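Enquirer:
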Ligand code: F6R
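In the numbering used here, the protein residues as written are 371 to 965.
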């Protein structure tokens, strides 16, 4: 399946120059996807386009995107394999007459069919993208409906199959957009209107946002917006005040968002518990369910794996965890009166959304844990809890993982009859423990500097509640440092993975003192005798470790929350050691909104 995760922006500023704002907005959203960039503005009744391959700052420097004249414009950052990464495939895409230009996020499933049809009708395509069909369709329908723009937009949307959001600019200065299964948000500033895939696209200028409903079509002209549904009825949508502060999207004193977000963890840790007041209601759904399923992707899936273990041990609730990309294949087997807990930082991950839709169709209740309360997942949910950790800009999930864990611990705490008690004193102690663990930053940096520059494989071992953290740590190392890493349930070593271990291997063992301790020491012995370097992460030193990262003493069940921190820091410094940008790992995007 092709993947396409882009940012789109439209701007109608009447008196303000569009281009510098578009460039600035695209920089703010670049974390979503980033291989090429382009903008289009309107000047003297002519649409001007400038676009190229690379990050926004690079392309802007080379092409001076910010100097394109005009008060109205659209922009795009692309992250795609749908047609190669080159200038031609970068957005915006013109129609044949160059009187319409379009930027698009999503996938048009029937683009080939449409392209063939439009080509037969005389349209000439200049790119290999699916997106270009939109500008040609708009052109075709504008002609057919004598420039009735709403009718043309509706006909275009009805012709397209797939999931998409697009923004188009017309040579008369009209900006319009449509939202079909991809996010699109209006930003209402005092003297300008934005249309963006992400609030970060306009947060610097306004915190007033309209989260369009699926199927909404919008036009912006002369600083005014109008929203229509697919049946050409004018509709009203509420203006929401966005709670996020722009300050939290800046890097501050840190070199990268990723390390800043890792260090923000003590300050956001308890927001997820204290700023949600519907835990009881959420837990009632879980209590009344015949079966509990948990779903999520990547890091969010790992949170689910930990939740399963905690729910079983402390709340005596059996939950099945199914990664969202696999959920589809199980959805027919879900019993009615099941509850599906969907975990997603963005609330927009396509695999998660599809899973939830399937489950909902089958009669399950949907509970979600999200960072973006206005996201598609929130809207699909019967009840949701918010992470409240602020925007996460680094592509790799760090602080949102900790926030997810806190929400999940609190659910277990509410349901566990005090077997797992996350009382206020314990919460305060946890913040201190997280702070203390973060003080290891420099020490971990020096440890990573000591590792062989040619390091090819890292293994992370853990048992029980530490195993999901082993998986999470290995995902962080893979995506940030491009080093092969594998999280292994320590007891599984002898069933296969031990064959991989030799004197070039680096093995990290997650080994706080609890019921798993002795068994992990035994595994460490097996590893040691094969000559590997062992890095122990524990609250108790052992001679078997070649290197030791000391965790503060804490209650057994909370070790996952603090032991993941050294792994996050390691991944960050390994990325720097490998001379790659930790904020923008290659081939990845923050919000994977397409299957
Ligand atoms: C890993 C990472 C991804 C996301 C995954 C799900 O660092 O960021 O694995 O966790 O794409 O994203 P959300 O949580 O937004 O659904």
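Every residue gets a Cβ at the ideal spot worked out from N, C-alpha and C, and that includes glycine.
Remember, it's a predicted structure, so these values are computed and weren't measured experimentally.
With a threshold of 7 Å, establish whether the CB of residue 792 neighbours any heavy atom of ligand 1.
Expert: No; taking the cut-off as 7 Å, the Cβ of residue 792 has no heavy atom of ligand 1 nearer than that.
Enquirer: Residue 613: buried (16+ other C-beta within 10 angstroms of its C-beta) or exposed?
Expert: Flag for residue 613 reads exposed.
Enquirer: Helix, strand or coil for residue 738 per DSSP?
Expert: Reduced to three states, the DSSP call for residue 738 is strand.
Enquirer: Based on the DSSP output, what are the partners of residue 377 in its beta bridges?
Expert: According to DSSP, which records beta bridges pairwise, residue 377 is partnered with 447.
Enquirer: Is residue 744 a contact residue of ligand 3, with contact defined as CB to any heavy atom under 7 Å?
Expert: Among the ligands in the structure shown, ligand 3 does not appear; only ligand 1 can be found there.
Enquirer: Does the Cβ of residue 849 lie closer than 7 Å to at least one heavy atom of ligand 1?
Expert: Yes, Cβ of residue 849 sits closer than 7 Å to a heavy atom of ligand 1.
Enquirer: Would the beta-carbon of residue 467 be found less than 7 Å away from any heavy atom of ligand 1?
Expert: No, since every heavy atom of ligand 1 falls outside the 7 Å radius drawn around the Cβ of residue 467.
Enquirer: Would you decide whether residue 427 is buried or exposed? Buried here means 16 or more other CB atoms lie within 10 Å of its CB.
Expert: It is exposed - the Cβ of residue 427 has fewer than 16 other Cβ atoms within 10 Å.
Enquirer: Would you kindly work out how many angstroms separate the C-alpha atoms of residue 386 and residue 576, rounded to a whole number?
Expert: Roughly 15 Å between the two C-alpha positions.
Enquirer: Grouping DSSP H, G and I as helix and E and B as strand, with all else coil, what is residue 924?
Expert: In this structure, residue 924 counts as coil in the three-state DSSP scheme.
Enquirer: Take residue 413 and list the residues in its own chain whose beta-carbon comes closer than 8 Å to its own, dropping the five residues that flank it on each side.
Expert: Cβ neighbours of residue 413 beyond the five flanking positions: 438, 439, 440.
Enquirer: Taking the beta strand (DSSP E) that residue 536 falls in, what are its first and last residues?
Expert: Start and end: 532-540.
Enquirer: Could you tell me which of 442, 651, 483 sits nearest to residue 565, measuring between CA atoms?
Expert: Taking only the C-alpha atoms, the option nearest residue 565 is 442.
Enquirer: Which class does residue 604 belong to by DSSP, given the choice of helix, strand or coil?
Expert: Residue 604: strand per DSSP, three-state reduction.
Enquirer: Residue 481 to residue 496, Cα distance in whole Å?
Expert: Approximately 14 Å, taken between the alpha carbons.
Enquirer: Quick check: does the Cβ of residue 375 come within less than 7 Å of any heavy atom belonging to ligand 1?
Expert: Every heavy atom of ligand 1 is 7 Å or more from the Cβ of residue 375, so no.
Enquirer: One question on the structure: do residue 881 and residue 907 come within less than 8 Å of each other, judged by their Cβ atoms?
Expert: A contact, by the Cβ cut-off of 8 Å.
Enquirer: Could you tell me whether any non-hydrogen atom of ligand 1 is closer than 7 Å to the CB of residue 845?
Expert: Checking every heavy atom of ligand 1 against the Cβ of residue 845, one is found closer than 7 Å.
Enquirer: Excluding the 5 residues preceding and the 5 following residue 610 in the sequence, name in chain order all residues of the same chain whose CB lies nearer than 8 Å to its CB.
Expert: Cβ neighbours of residue 610 beyond the five flanking positions: 578, 579, 580, 581, 744.
Enquirer: Just checking residue 393 against ligand 1 - is the residue's beta carbon closer than 7 Å to any of the ligand's heavy atoms?
Expert: Checking the Cβ of residue 393 against ligand 1 gives no.
Enquirer: Would you tell me roughly how many angstroms separate the C-alpha atoms of residue 559 and residue 544, rounded to the nearest one?
Expert: Those two C-alpha atoms are separated by around 18 Å.
Enquirer: Do you know whose CA, among 912, 603, 874, 875, lies nearest residue 892's CA?
Expert: It is 912 whose Cα lies nearest to the Cα of residue 892.
Enquirer: Which whole runs of the alpha helix (DSSP H) in the stretch 729-782 are 4 residues long or more, in chain order?
Expert: Counting only runs of 4 or more, we get 746-750.
Enquirer: Would residue 715 be called buried (16 or more neighbouring beta carbons within 10 Å of its own) or exposed?
Expert: It is buried - the Cβ of residue 715 has at least 16 other Cβ atoms within 10 Å.
Enquirer: Drop a sphere of 10 angstroms on the beta-carbon of residue 789, count the other beta-carbons inside from all chains shown, and report buried for 16 or more, exposed for fewer.
Expert: Answer is exposed; the Cβ neighbour count stays below 16.
Enquirer: Who are the near neighbours of residue 392 in its chain, counting only those whose CB is closer than 7 Å to its CB and skipping five residues on each side?
Expert: Once the five neighbours on either side are set aside, the close Cβ partners of residue 392 are 379, 381, 409, 443, 445.
Enquirer: For residue 655, which option in 454, 512, 709 has the closest C-alpha, if you only look at C-alpha atoms?
Expert: Nearest C-alpha to residue 655: 709.
Enquirer: Go ahead and label residue 699 buried or exposed: buried means 16 or more other beta carbons lie within 10 angstroms of its beta carbon, across all protein chains shown.
Expert: Looking at its Cβ environment, which holds fewer than 16 other Cβ atoms inside 10 Å, residue 699 is exposed.
Enquirer: If we ignore side chains and look at the alpha-carbon of each, how far apart do residue 607 and residue 572 end up?
Expert: Those two C-alpha atoms are separated by around 18 Å.
Enquirer: Please confirm whether any heavy atom of ligand 1 lies closer than 7 Å to the CB of residue 499.
Expert: No; taking the cut-off as 7 Å, the Cβ of residue 499 has no heavy atom of ligand 1 nearer than that.
Enquirer: Does DSSP put residue 387 in a helix, in a strand, or in coil?
Expert: If DSSP states are grouped into helix, strand and coil, residue 387 belongs with coil.
Enquirer: Determine the burial state of residue 665: buried for a count of at least 16 other Cβ atoms within 10 Å of its Cβ, exposed for fewer.
Expert: Per the 10 Å Cβ criterion, buried.
Enquirer: Would you check if the stretch 619-635 and the stretch 800-810 touch, i.e. whether three or more CB-CB distances between them fall below 8 Å?
Expert: Contact between the stretch 800-810 and the stretch 619-635 is present, because at least three Cβ pairs lie under 8 Å.
Enquirer: Distance, Cα to Cα, residue 570 vs residue 398?
Expert: C-alpha separation (whole angstroms): 6 Å.
Enquirer: Starting from the Cα of residue 563, find the closest Cα among 944, 388, 824, 421 and give me that residue.
Expert: For the residues 944, 388, 824, 421, the minimum Cα distance to residue 563 belongs to 388.
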